[in-house]
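One line per chain: the protein sequences are G and P, in this order. Residue 1 is where the first sequence starts when you use the UniProt record's numbering, and the numbers rise one by one after that. Residue 1 is where the second sequence starts when you use the UniProt record's numbering, and the numbers rise one by one after that. Comments concern the structure below.
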Amino acid sequence: MYRFGFVRLWLLGSVLLIFLTSAVTGNNGDLALSNQESHQSESNVTGIPIVKFKWLHVESPYIIALWILVAGLGKLVIESNHHVTSVIPESALLICFGFILGGIIWGADKVQTFTLTPVVFFFYLLPQVILDAGYSMPNKLFFSNMGAILVYAVIGTCWNAASLGLSLWGCHMGGAMGDLDIGLLQYLLFGSLIAAVDPVAVIAVFEQVHVNEVLFILVFGESLLNDGVTVVLFNVFEAFVSLGGSQIDAVEIIKGIISFFVVAFGGSLVGFVFGLLISLVTRCTKNIQIIEAGFVFVLGYLSYLTAEMLSLSAILAIVFCGMCCQKYINANMDERSVTTVRFVMKLLANGSETIIFVFLGISAIDKGIWVWNTGFILLTLFFIFVYRFIGVFFLTWILNKFRLVPIEFIDQVIMGYGGLRGAVAYGLATLLDEEKIKEKNLMVCTTLIVVYFTVIIQGITMKPLVNWLKVKKAAVAEVSLVEKVQDKVFDHLLVAIEDISGQIGHNYMRDKWNNFEKNWMSRILMKPSVRKNRDYVFKVFHQLNLKDAMSYVAEGERRGSLEFIRNETALVNFKKKFDDEYSEIMPDITADMSDDQEINSLNCFCCRRDPVPCVSLEMHKQTMNGVRETEDINSHHLLQQHLYKGRKQHRHRYSRTHFDVNKDESEVQEIFQRTMRSRLESFKSTKMGVAPPKTISKHTKKDQQQKFSEASESASGCDTSFPMRVTYRAGAGIENPAFMPDLDPMSAVQIPPWLAEAELDSDMVAPSERAQGRLPWTPSNLRRLAPLRLSTHSTDSFVIADTSINTLRSHENNQK
Amino acid sequence: MGASQTRSVHKYQDLVDRTGFSLEQIKNLHKRFQHLSGNEETISKENLDRIPALANNPIKKQIVYAFFDKRNQHQDEVGSFEEIGFEQFLMVMSHFRPPTLKTTEEEKEALRKEKLRFLFNMHDTDNDGTITLEEYRKVVEELLSKSGAMGLEAAKAIADAAMLEVASTNVPHMAPDDFYEGITFEHFEQILKGLEMESRMHIRFLDVDTTTMRCGKSTS
C-alpha cells in the first residue's frame, strides 16, 4: 500500500509538470522551435530589473528537457510496478501513459500541441535506437542467418505491402468502405508504409520474452533490415503517386526496382565506410581517452545523416555502421571508454524508445486526425494480421528446404505474431502529402490503430502465447569457459570436416572471412598492441576472472573485510583434516607436478614432507640458503606491503578526487579499492600481454627491517596460536596477501628469469595456481568454499587457489 | 552415369541405410574420397594431412586422428586404424549430418549423444573414459596455438580454469579428499547442455556435386 502511495505521488508530480508545461506554453507551444516570435512585452521597462522572467527565452529547450523528464518519470513509475510489467509489456504501458498525458494536454489546451513530428522522430529519436541495435548485434548469429533474414525482410515486406494494398483496393472496389478517394497507387503506398515490422516495438516486446536466439535474430534482423525496404518502397510509390497513374511505364518501374537496390546497398555501404572510419579513429585516440567514446556516437549519427543526404537508406547505414565497428572499437578503446559507450548507447536508445512510445500515445489524443472508417480500419487490421502469417509460413516453407536447421512451426507462429508495427510506420504516415493523398488523416489514424493494436494487444498476449506454445526459450546465458572453448573446437572441427569432404559451405566461408579479417582488416583497424590478444576464448577467460574478482571483493565487503577468507573454521577444519587429507592428495599432486614443474622450496606448501616438490615458475636453482634469506625478506616485504595502512601514507597513489580520509568508516572501502585496483591492474596487463607494472615499494631495506620489526611487534601482542596469520592480522584490515599480485596468469610467465631475481623483493608471492599451471586441488577446497561463492557456475578459482596456498603457508609457518 | 555406376549404386544402398546419407551425397563423398586417396581403396593419415585447406587449422591433428579412431565407427571397438576405407570415412562423416524436420525427439537425443561422443573421443585420447587435465590442456593449447601471442601458459591457465569449472559444476559437493580426475562423458554432456549440439554440429552435405560440375565443363 505504501508503494502505491509512492507511485501515486510520482504520478501526481508528473501530471503537475505536464500542466505546467502546457499551461505555460499556451497556444504556441509546438515542439518545433517557435521562439522567433517577437515578444516585446517587457521591453519598455525603464530601470534595471533585478529579476526577469524570460520564459520565451528558454522555451524550446526547456520544453524538451521537461518532456524527457516526464517520459523518464513515467518509465520510473511503470517500472516500479513489477507485477504490472510482468503482464503488460512496458511499451504498451508507455503508450497508455501517453494517452493520459495527451488527455491532460488536450484538456488544458483544447488542441494537441505536442505530436510526434517526423523530423523529430527520424532525426533525433530513431538513430540512437538503431545504432544501439546494430552495435549490440550478435554478428555471428546474424550472418549465419543472413539468408533467412534477407528473405523475410525483402520478400516478406514486399509481399506484405503488395498484398495489403491490393486487397484493400479490391475491397474498396467491392464497396466495403464506402466513399473514399483512394486509388490503387495510394493503397499500395499505404501498404508499403505499414508493411514493415518495427524495430523499436519488436525489440521492446521480444526483450521481455526470452525466445531462443535464432527466433530472436530472425525477428530482430528482419525488423532492422526491412526498414530499408519500406523506406524505399515508400519513396518509390510516393513518386509514382505524384507522377500519376498514366505516366508510369515500364521504365519507371524498372527505375524503381533499381533504386531499391541502390538505396539498400548504398545505405549499407555508407554504414560500412563509417564503421571503418570509427574503427580507424579510435585506433589513434590514445591521448584523448576522455572523449574517444564520443566519436562512436558522432560518426554513427553522421553515417545516418550522410545516407539520408544521399537519399540512401539511413537505417541500414546506421545498423551496419554499428555492426562493423563494434569489434574494433571494443578492442581499440580503453576498457572504460567501452563501458561508457555501452552505457551511453543504452541510455540514449532506451530514453528515446521511451519518448517514442509516450509520444505515440500522446499523438492519439487529437481530434484533428481522427477520421473513422470502420471498413478501412478493420480490414487493414485484418489483412495485416493474416498476410503476415501467410507470408511467414510461405517463406519459411521455402526456406526450410534450404536451411540446415529448419525453423519449427511454433517459431513460425511467433514470428508471424511478432509482426509489430510501430513508430516508423507512424512517422512515414505523417510524412504523407495531403495535397496528393486526400485521405491522409484516415491513413494516419489507421496506422495509429494498427500500432496500438499490435503493440498493446499482441504485445500483451505475446508472453502467454510463448509460454503456451512452449517456444524454445533462450538458455540462461551464463558464460562458461568450457563452452567457449568447445565453441571454438566446434568451429575448427566443422571447417575441417568441410575441408575434408571437399565442400564449400558456411563454415568454409566463415573461415576464409575470418582469415581475411585477421590478416587485413584488423591490421589496419586495430591497435597493434591489442591485436594479438583478442582471441575470444581468452577474452572470456579475462571476463570470468574479472567477475570472480568482483564477487570475491563483494563478498569480502559484505563480511566487512577480506579476512573472511581466512576465517577460523576453515583453518581449523583444514588443520584437523590435514594429516589424512594431505597424504592422500599429495601423491596426485606430486605426480602432476613432477613432470612439468620446477622444484623450488620457496613457496613450499609442504614443509612437513621434504621430498615433496614445490612450485615456483620464477625461480630456478637457488641454493637453500639463499632461499631462506629471500624468503625472509619476502615475507617482511609481503607483510609491510599488504598490511592495511592509513590512507595518508598512500595518498600519492590515489587520485585526489577520491574519498575523504576517514579511517574508521572507509576502511572497508579502502580495502575494496586497493584490492580492486591492483586486481584490475593485473588483469589489464594480462589483456595487454605484458608483465604488470612493478609495484615495488619505495622503502629501502633498512626501512623494511624496521617495518618488519614493527609488524612483528604488533603481531606478538595478539593471539599467538597462529603466528603467521596473526601477523597478517596486525593491521586490522588485511589485504589478502597472496591475493593481490599473483592474479595475473601471465605475470609469472612473462618475467624472464634474470628479471625474476631482481623482482624477488617486490612481488614475491606465491604464484597463483593458474600461473603454476596445475589444477588446484579444488575439489577439497571447493566444498569448503562453496558458501563463499556467489555463483556456483563460474569458477572462483582464485579464491580456491589462493586459499589453499594461504592455508598451506600458514601451516608451513606453523611448523617452523 | 554408366554401367559401372549402377553396380556401385547397389553397393551404396547398404551405406545409405547405415549412415543416413542420401545416395547422391554418398556418391559425392566417394568422389572426394578417391580424390583424397589418389584412387586407392584406403586412405591414410598422410592423405588427410596433405589437404591444403587444413594447414591453418589449429586442431588438425585431433580431427585427422578422429577419422582413424575406431571408437567413432559405432562398433564398440577401441584403438585406431592405420588406414581407413570409404565405409569408415563415411561413418565418421555421418556424425555431421544435420537433423531434418522429420527427426523425432528421441532421434534428436540419440543424434546429440552421438555427436557428443564424437567430441568427447576427440578429447579423450587414451580412451579411459575421462578427459584428464593433461588431455584437455593439450587440446586447448593446440586450439589457441594459432591465435597470436597468447603463450602456452595462458592456454594452460585457460584449460585449468575450464577444468575447474567442470569440476565445480559437476561435483559441487566433493569430499575433501577427492581429486577431480577428469571429465567423464556424463559430465561432458552436462556442461555442454547449453550448446545445442543437435542443431549446431553439422555441415551441409551437398546433393549436387560441385566438383563434377566443374569437371564436366572443362572436359566437354
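Virtual Cβ for every residue (Gly too), placed ideally from N, Cα, C. The structure presented is a predicted model; accordingly, all values stated were derived computationally and were not measured.
Using the Cα positions of V219(G) and Q186(G), report the straight-line distance between them to the nearest angstrom.
Rounded to whole angstroms, V219(G) to Q186(G) spans 28 Å at the Cα level.
Mind checking the stretch 377 to 396 of chain G against chain P and listing, in chain order, the residues whose C-beta falls within less than 7 Å of any C-beta there?
none
Could you pull out every unbroken alpha helix (DSSP H) segment of at least 4 residues lying fully inside the stretch 33 to 115 of chain P, listed in chain order?
45 to 49, 60 to 67, 86 to 93
Tell me the rounded alpha-carbon separation between G351(G) and S80(G).
16 Å
Can you check whether the C-beta of I497(G) is within less than 9 Å of a C-beta belonging to chain P?
Yes - at least one Cβ of chain P is within 9 Å of the one on I497(G).
Grab me the residues of F142(G)'s own chain with a C-beta within less than 8 Å of its C-beta, minus the 5 sequence neighbours each way, in chain order.
I149, I217, G221, M323
Check this for me: beta carbons of V154(G) and V229(G), under 9 Å apart or not?
The Cβ-Cβ distance between V154(G) and V229(G) falls below 9 Å.
Quick one: which residues of the stretch 74 to 98 of chain P get their C-beta closer than 7 Å to a C-beta of chain G? List them in chain order.
M93, F96, P98
Among the residues of its own chain, which have a CB less than 6 Å from the CB of M173(G), if the five just before and after it don't count?
Within the same chain, no residue comes within 6 Å of M173(G) by CB-CB distance, once the 5 residues on both sides are set aside.
Enumerate, from N- to C-terminal direction, the unbroken alpha helix (DSSP H) stretches of 4 or more residues contained entirely within the stretch 157 to 195 of chain G.
157 to 174, 184 to 195
Measuring alpha carbon to alpha carbon, tell me which residue in V171(P), L152(P), M201(P), N47(P) is nearest Q190(P).
Considering only V171(P), L152(P), M201(P), N47(P), the residue with the shortest C-alpha distance to Q190(P) is V171(P).
If the cut is a Cβ gap below 8 Å, which residues of chain P does N507(G) touch?
I203
Does any CB atom of chain P fall closer than 9 Å to the CB of N139(G)?
By the rule that beta-carbons nearer than 9 Å mark a contact, N139(G) does not touch chain P.
Can you check whether the C-beta of K527(G) is within less than 9 Å of a C-beta belonging to chain P?
no
How far does the beta strand (DSSP E) with G182(P) in it reach, from first residue to last?
182 to 184
Considering just the uninterrupted stretch of the alpha helix (DSSP H) at I437(G), what are its terminal residues?
Careful: I437(G) lies outside any alpha helix (DSSP H) and carries neither H nor E.
I need the straight-line Cα distance from I105(G) to I362(G), nearest angstrom please.
9 Å
So, is the C-beta of L494(G) closer than 9 Å to a C-beta in chain P?
Yes - at least one Cβ of chain P is within 9 Å of the one on L494(G).
According to DSSP, simplified to helix, strand and coil, what is V211(G)?
Here V211(G) sits in strand by DSSP.
For the stretch 380 to 395 of chain G and the stretch 114 to 132 of chain G, state whether three or more C-beta atom pairs, one from each stretch, are separated by less than 8 Å.
no
When DSSP labels each residue in this structure, what does K27(P) get in the three-state scheme?
helix
Give the interface partners of N515(G) over in chain P, defined as CB-CB distance under 9 Å, in chain order.
Neighbours of N515(G) in chain P, taken as residues whose beta carbon is under 9 Å from its own, are N56 in chain order.
V232(G): which of V211(G), F261(G), V209(G) sits nearest, CA to CA?
V232(G) has its Cα closest to that of F261(G), out of V211(G), F261(G), V209(G).
Note down, in chain order, each residue of its chain lying with its Cβ closer than 7 Å to the Cβ of H123(P), except the 5 sequence neighbours on either side.
I131, E135, Y136, V139
Compute the distance between the beta-carbons of A155(P) and E141(P), then report whether it is under 9 Å.
Taking 9 Å as the cut-off, the Cβ atoms of A155(P) and E141(P) count as close.
What would DSSP say about H202(P), mapped onto helix, strand or coil?
H202(P) sits in coil when the DSSP states are folded into three classes, being neither helix nor strand.
What do you get for T19(P), buried or exposed, if any count of 16 or more other CB atoms within 10 angstroms of its CB means buried?
buried
Answer yes or no: does any C-beta atom of chain P fall closer than 9 Å to that of N545(G)?
yes
Are there three or more Cβ pairs, one per stretch, closer than 8 Å when the stretch 263 to 276 of chain G is compared with the stretch 284 to 304 of chain G?
yes
Verify whether the separation of the beta carbon atoms of residue 229(P) and H95(P) is less than 9 Å.
What is shown of chain P runs 1 to 220, which leaves residue 229(P) out entirely.
Name the residue from A157(P), N56(P), A167(P) whose alpha carbon lies nearest to the alpha carbon of F185(P).
A167(P)
In the DSSP output, what is T132(P) paired with across the bridge?
BP columns for T132(P) point to G182(P).
Buried or exposed: where does S246(G) fall if 16 or more other Cβ atoms within 10 Å of its Cβ makes it buried?
exposed
Below 8 Å on the Cβ atoms is my contact criterion, and I expect P127(G) with T430(G) to pass it. Report the Cβ-Cβ distance as a whole number of Å.
Their Cβ separation, rounded to whole angstroms, is 18 Å, which puts P127(G) and T430(G) out of contact at 8 Å.
Can you find a C-beta in chain G that's less than 9 Å from the C-beta of R112(P)?
no
Cβ of C325(G) within 9 Å of Cβ of G294(G)?
no
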